[in-house]
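The structure under discussion appears below in the form of structure tokens.
2 protein chains.
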Amino acid sequence: MHSFEALALDFKQRFEIGHFPAAPESLYASCNYFLSLGGKRVRPVMCLMGNELFGEIHPDAYHVATAIELFHNFTLIHDDIMDAAPLRRNMQTVHTKYGINTALLGGDVMLVVAYDYLNKIKGANLNKILHLFNKTAREVCEGQQLDIDFEKLPFVSLEEYIHMIELKTSVLLAASLQMGAMLGGASDGNCQHLYNFGKNLGIAFQIQDDYLDAFGDPEKFGKDLGGDIKQNKKTFLLIHALEVAAPAQKQELLQLMQENPADKVSKVLAIFKACNVDEWAWALKQQYLDKALQHLEDTAVVSVRKKPLIQLADFLIQREQ
Amino acid sequence: MHSFEALALDFKQRFEIGHFPAAPESLYASCNYFLSLGGKRVRPVMCLMGNELFGEIHPDAYHVATAIELFHNFTLIHDDIMDAAPLRRNMQTVHTKYGINTALLGGDVMLVVAYDYLNKIKGANLNKILHLFNKTAREVCEGQQLDIDFEKLPFVSLEEYIHMIELKTSVLLAASLQMGAMLGGASDGNCQHLYNFGKNLGIAFQIQDDYLDAFGDPEKFGKDLGGDIKQNKKTFLLIHALEVAAPAQKQELLQLMQENPADKVSKVLAIFKACNVDEWAWALKQQYLDKALQHLEDTAVVSVRKKPLIQLADFLIQREQ
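Structure below.
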């Protein structure tokens, strides 16, 4: 049984080999460039951890983990096109560096190569894992579409927003764990608990992400605070504020969003605080974390094997404000 | 054993069922819209024909045929974005009607759904067919990238152009036949012959397409002649003309391409004819057709079973000028 860090190091080294042919260089350079930007590789490591919860790492788990990471990077390349994002991790996005057409095709071919790795799975696992992978991939596309749709709507309910986050972010974390568990020989019941651990952890993570963008420690957070506020981005905070604010506060909030004054961030933050949005979000995050940990608790394996997954939750979710 | 027309009718009816969930409607409406534009459904029918050449149609052949047609439509949706094409089959393209972001996502999810159909394949065939499908999908992406690259280059050799056409167009026709053949229980040797039949037929078809755009009968062709010439599109005709034209002719051709005068089409056609490009292209098309038919001839099944495939070649390739 390995720690999160040990598995992450192991996976990163394995993932550094080339995944693409040399030619045409004009296509595959874009794929190699994007993968070279790095990342925490959380999802593939979750796949390995899901496997190790139930037994020795199956050789096919590395193929599945690679497919998951390639799939995730495919979605990032295409999302960056859709968001017209110039930078990711402080480096040029693929479409900025290579043009939209190559970014589009580079993403497409990366998805196909992900399926090539899945096709290395031996025996009856192929069918089962492909099924979950496809379902998850469809849901991630649906979540991205809902995110686009929501940006154009004046109001989105908390329930609708959570559903979108589940699809766009959580299901891939959940499925990564479950695919590993399936290779580890887990029962259907245990697979379901692990999936729900990942799904709730993902929602907690997104709430934290929204929270930190507004209330984080700028030094720890590593990017400018209030980026979401500046862009009028729908977040857990904004959606809840619009639901609970008094009429005058709500009026002011909507006006700030429309007029974009220079002191917009500090004024919106003041409204958020007056509505206790910060405390609400922190408590909601805790609720989802607790729900996640309960599903891990309910997974029928000896508790010592669960330690790396608790370590993962600690790595992803801060316990203290 | 069924005729091309009978199989096409059968497939079209089966393909008309819904392939996508109802929600989110903002995503799946784009997929349903594009499929409703129709098409000849040549590739899935080739899959069924490849199967029937060797035996009864395997139930999985319909799943594979569906996956192939969805894959083909995914490439068309993304190609239309890359080409900034406003229309396809005289109807709005997906990105024109629904915006680029939804067209991008709609294509992505259509590819995932194609893999869902492949995952219905039973037993050991799944592995083999997925392998060929993935290889082909990668090649189609590579061909599209080369096509984009070539448009920016001043000169492209005939060899390079044929290689691009093979990847962009031919390998999917070839693989469609081979996947069917695999389900029909064909030997590796027969699979290879059938693949090469499809590959050479695809090249012959593209030569014909380029030829008809310049020299076709406008009434039969159904679109304006000279579209490729107006756009300076690299075609078999232009590439060969630039290779064989006398220095003065070549100079004139390059000048016409640069200056785009009102009488450009007729002047370029005159140069093509003076260089015998029309006869050369017709003969080259015939060479590839003959090569294709030789591979069909070399396929070890009784000749009566080959009739529908010869019918297919006749349907795709005109024998008379």
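Protein sequences appear in the order of chains A and B.
Each step along the first sequence adds one to the number in the working numbering, with nothing skipped, and position 11 is 18.
Each step along the second sequence adds one to the number in the working numbering, with nothing skipped, and position 155 is 162.
The beta-carbon is built from N, C-alpha and C at its ideal position, and this holds for glycine as well.
By the C-beta criterion, the region 152–168 of chain A is judged not to be in contact with the region 69–84 of chain A, since fewer than 3 inter-stretch pairs fall below 8 Å. Along the region 122–151 of chain B, the positions whose C-beta sits under 7 Å from a C-beta of chain A are Tyr122, Asp123, Asn126, Leu133, Asn134, Leu137, His138, Asn141, Ala144, Arg145, Cys148, Glu149, Gln151, read in chain order. Counting the other Cβ atoms within 10 Å of the Cβ of leucine 83 of chain B gives 16 or more, which makes it buried.
In the three-state DSSP reduction, leucine 94 of chain B falls in the strand class (E or B).
Excluding residues up to 5 positions away in sequence, Ser37 lie with their Cβ nearer than 6 Å to the Cβ of tyrosine 105 of chain A in the same chain. Aspartate 270 of chain A is positioned such that its CB atom lies no closer than 7 Å to that of phenylalanine 222 of chain A. Our two residues, glutamate 32 of chain A and asparagine 39 of chain A, have alpha carbons roughly 10 Å apart in a direct line. Within chain A, the residues Leu111, Asp115 have their CB atoms less than 7 Å from the CB of histidine 85 of chain B, given in chain order. The Cβ atoms of glycine 57 of chain A and glycine 187 of chain A sit closer than 7 Å to each other.
Under the Cβ criterion (8 Å, minimum of three pairs), the region 187–207 of chain A counts as touching the region 302–321 of chain A. Here glycine 113 of chain B is buried. Its C-beta has 16 or more other C-beta atoms within 10 Å. Considering only B:Ala253, B:Val120, B:Arg50, the residue with the shortest C-alpha distance to phenylalanine 27 of chain B is B:Val120.
Leaving aside the five residues that flank proline 268 of chain A on each side, the residues in its chain whose CB is nearer than 8 Å to its CB run, in chain order, Lys274.
In the DSSP assignment, the residues bridged to glutamine 99 of chain A are A:Leu94. A contact between stretches requires three or more CB pairs, one per stretch, nearer than 8 Å, and the region 182–199 of chain B meets this requirement with the region 55–72 of chain B. Proximity of chain B to isoleucine 75 of chain A at the Cβ level (cut-off 9 Å) is not reached, the minimal Cβ distance being about 14 Å.
Contact annotation: in the region 85–99 of chain A, residues whose CB is within less than 7 Å of a CB in chain B are His85, Ile88, Met89.
Within chain B, no residue has its CB atom less than 8 Å from the CB of leucine 184 of chain A, the nearest being about 20 Å off. For glutamate 63 of chain B, the secondary structure class from DSSP, reduced to helix, strand or coil, is coil. The three-state reading of DSSP puts asparagine 239 of chain A in coil, since its state is none of H, G, I, E or B. Within chain B, the C-beta atoms nearer than 7 Å to that of isoleucine 155 of chain A come from Asn108, in chain order.
Only buried fits proline 51 of chain A, as 16 or more other CB atoms lie within 10 angstroms of its CB. One Cα belongs to asparagine 134 of chain A, the other to leucine 125 of chain A, and the distance between them is close to 10 Å. Among the CB atoms of chain A, one or more fall inside 7 Å of the CB of valine 119 of chain B. The beta-carbon of serine 33 of chain A is placed less than 7 Å from the nearest beta-carbon of chain B. Non-local beta-carbon contacts of histidine 9 of chain B in its own chain, meaning distances under 6 Å to residues more than five positions away in sequence, are absent.
Around the beta carbon of glutamate 158 of chain B, a 10 Å sphere encloses fewer than 16 other beta carbons of the protein chains shown; the residue is thus reported as exposed. A check of alpha carbon separations from cysteine 282 of chain A across A:Leu296, A:Ala252, A:Gln258 identifies A:Ala252 as the nearest. Of the residues A:Asn97, A:Leu291, A:Lys313, the one whose Cα lies closest to the Cα of isoleucine 324 of chain A is A:Leu291. Under the DSSP assignment, serine 43 of chain A falls in the alpha helix (DSSP H) whose first and last residues are 32–43. Comparing C-alpha distances from lysine 129 of chain B to each of B:Lys47, B:Gln99, B:Ala68, B:Phe212 shows the shortest one belongs to B:Ala68. A buried status is given to isoleucine 172 of chain B, since no fewer than 16 other beta-carbon atoms sit within 10 Å of its beta-carbon. Note on geometry: alpha-carbon atoms of lysine 313 of chain B and valine 101 of chain A lie some 47 Å from one another. Isoleucine 128 of chain A carries a coil assignment under DSSP once its states are collapsed to helix, strand and coil. Rounded to the nearest whole angstrom, the CA to CA distance from valine 71 of chain B to cysteine 54 of chain B is 8 Å.
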